[in-house]
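Our numbering applies: residue 31 is where the sequence shown begins, and numbers increase by one.
Virtual Cβ for every residue (Gly too), placed ideally from N, Cα, C.
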Amino acid sequence: MTSVYHLDLDAAGIGGARCAFVPGDPGRVPAIGDALDSEARELAWKREYRSRLGHLDGHPVLVTSTGIGGPSASIAIDELAQLGVRTFLRVGTTGGIGERVSVGDVVITTGAMRLDGASTQYAPIEYPAVAHHLVVRALVAAATELEIPHHVGVTASTDTFYPGQERLDSFSGRVLRRFQGQTDELRSLNVLNYEMESAAILTMCAALGLRGGCVTGVVAERTQHERVVPEGLAEGQRNAIRVAVAAMRRLVSDP
Ligand code: URA
């Protein structure tokens, strides 16, 4: 059986999985796999794409990392869809923009501002990057049940971590004029957070007739500073994974 080129997976190897967690970081794949079942096994690891296969309530579920940003995420979603996956749940980290979005909270994205390039090669920019309503419903129910502080709404999804998210702690220490004041403006528009993959993932899923969703743990508070807080990183990741796994449990039985 032929493998998809980048992920190094084939249809038989993924055991009929129709649902996948798609974290950005390959290092997060074991933690999600362990939260599924103790027998989750590694299938492949090529470049930024690391995959494990586990089970939730007897249903096969994949965990495949996307790497950072829309271009690499688009390859992961496309190749997993070629293999038969139909539900995609991004589990990531994020910088909070909203006043009340604190380190350790999770953000459930209903729609993303497409401040990227990759998504425009799957659908024109007028097309909305919206999460699937059933995935949003499952995420909100999971976060509520687990009593994890959560925010539900619009995410700004950028192509760069530094200028695109108006960070001045970069090599140049400056951003182009068009990014100056962007974070305050987004806050005034009720945008909750910054991250780098939801524009591509949600646009692709909506346009291709797949189910897509995104939950991210807050690791930086842009109301305070630009830094990613190390304790926040652990807590944000842990909470996002807990919500994602509980949400997926609600989705696997109707994949
Ligand atoms: N990921 C991002 O894209 N931005 C942040 O501030 C933190 C994580």
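Beta-carbon separation (whole angstroms), residue i vs residue j, contact threshold 8 Å
{"i": "Ser228", "j": "Thr185", "result": "5 Å"}
{"i": "His180", "j": "Ile138", "result": "6 Å"}
{"i": "Val91", "j": "Met278", "result": "6 Å"}
{"i": "Gly338", "j": "Ala148", "result": "Absent from the model: residue 338. The displayed extent of the chain is 31 to 285, so no value can be given."}
{"i": "Ser283", "j": "Asp40", "result": "The pair is not a contact, with the Cβ atoms about 25 Å apart (cut-off 8 Å)."}
{"i": "Val121", "j": "Ile62", "result": "7 Å"}
Pick from the options that is closest to residue i, judged by C-alpha positions
{"i": "Ala276", "options": "Val133, Leu169, Gln212 and Ser33", "result": "Leu169"}
{"i": "Ser102", "options": "Gly122, Tyr79 and Arg257", "result": "Tyr79"}
{"i": "Gly203", "options": "His181, Val165, Glu256 and Met278", "result": "Glu256"}
{"i": "Ile127", "options": "Asp214, Met278, Gln267 and Thr174", "result": "Asp214"}
{"i": "Gly46", "options": "His89, Leu66, Gly211 and Trp75", "result": "His89"}
{"i": "Ala142", "options": "Ala274, Ala148 and Ala161", "result": "Ala161"}
{"i": "Lys76", "options": "Thr96, Val259 and Glu225", "result": "Thr96"}
{"i": "Leu222", "options": "Asp108, Arg82 and Val245", "result": "Val245"}
{"i": "Gly239", "options": "Ala61, Val205 and Tyr152", "result": "Tyr152"}
{"i": "Met234", "options": "Ser81, Val133 and Arg144", "result": "Arg144"}
{"i": "His36", "options": "Asp108, Thr150 and Glu175", "result": "Asp108"}
{"i": "Glu225", "options": "Ile98, Ala74 and Arg71", "result": "Ile98"}
{"i": "Val166", "options": "Ala41, Arg280 and Asp40", "result": "Arg280"}
{"i": "Gly243", "options": "Leu86, Glu129, Asp40 and Val182", "result": "Val182"}
{"i": "Asp38", "options": "Met278, Ala70, Cys49 and Arg82", "result": "Arg82"}
{"i": "Thr140", "options": "Arg71, Leu164 and Gln254", "result": "Leu164"}
{"i": "Val133", "options": "Thr253, Ala61 and Pro53", "result": "Thr253"}
{"i": "Glu156", "options": "Ala237, Glu261 and Leu110", "result": "Ala237"}
{"i": "Arg130", "options": "Ser104, Asn220 and Ser283", "result": "Asn220"}
{"i": "Pro56", "options": "Leu176, Thr174 and Ala74", "result": "Ala74"}
{"i": "Cys49", "options": "Asp67, Pro158, Pro60 and Gly84", "result": "Gly84"}
{"i": "Gly262", "options": "Arg120, Gly54 and Gly125", "result": "Gly125"}
{"i": "Ser104", "options": "Ser68, Leu66 and Gly54", "result": "Gly54"}
Sequence-distant residues of the same chain with beta carbon closer than 6 Å to residue i, five excluded per side
{"i": "Phe209", "result": "Pro193 and Glu196"}
{"i": "Gly32", "result": "This sequence places Thr at residue 32; Gly is not what is there. Result list for Thr32: empty, nothing under 6 Å."}
{"i": "Asp199", "result": "Glu256"}
{"i": "Arg217", "result": "Ile127"}
{"i": "Glu72", "result": "Arg82"}
{"i": "Gln212", "result": "Glu196"}
Neighbourhood of residue i by C-beta distance below 7 Å, restricted to the same chain and skipping five residues each side
{"i": "Gln112", "result": "Val34"}
{"i": "Gln267", "result": "Arg58, Thr123 and Gly247"}
{"i": "Thr188", "result": "Leu145, Asp146, Gly194, Gln195, Tyr224 and Met226"}
{"i": "Val258", "result": "Val249 and Ala250"}
{"i": "Ala106", "result": "Leu37, Val52, Tyr79, Thr94 and Thr96"}
{"i": "Glu175", "result": "Ala276"}
{"i": "Asp67", "result": "Gly84 and His85"}
{"i": "Ala173", "result": "Val136, Ile138, His180 and Val273"}
Own chain residues within Cβ distance below 8 Å of residue i, not counting five before or after
{"i": "Pro178", "result": "Going by the sequence as given, residue 178 is Ile instead of Pro. Closer than 8 Å at the Cβ level, and outside the excluded window around Ile178, lie Asp135, Val136, Asn269, Arg272 and Val273."}
{"i": "Ala42", "result": "Met31"}
{"i": "Leu206", "result": "Pro193"}
{"i": "Asp64", "result": "Ala70"}
{"i": "Arg241", "result": "Arg116, Thr117, Phe118, His162, Leu164, Val165, Cys235 and Leu281"}
{"i": "Glu265", "result": "Val133, Gly134 and Gly247"}
message: Runs of 3 residues minimum, wholly inside the region 194-255: which ones carry the beta strand (DSSP E) assignment?
response: 221-225 and 241-251
message: Which runs of the alpha helix (DSSP H) at least 4 residues long sit entirely within the region 127-177? Give them in chain order.
response: Fully enclosed alpha helix (DSSP H) runs of 4 or longer: 163-176.
message: Restricting to runs no shorter than 4 residues, where is the alpha helix (DSSP H) found entirely within the region 70-136?
response: If we require 4 residues or more, the alpha helix (DSSP H) runs fully inside the region 70-136 come out as 100-112.
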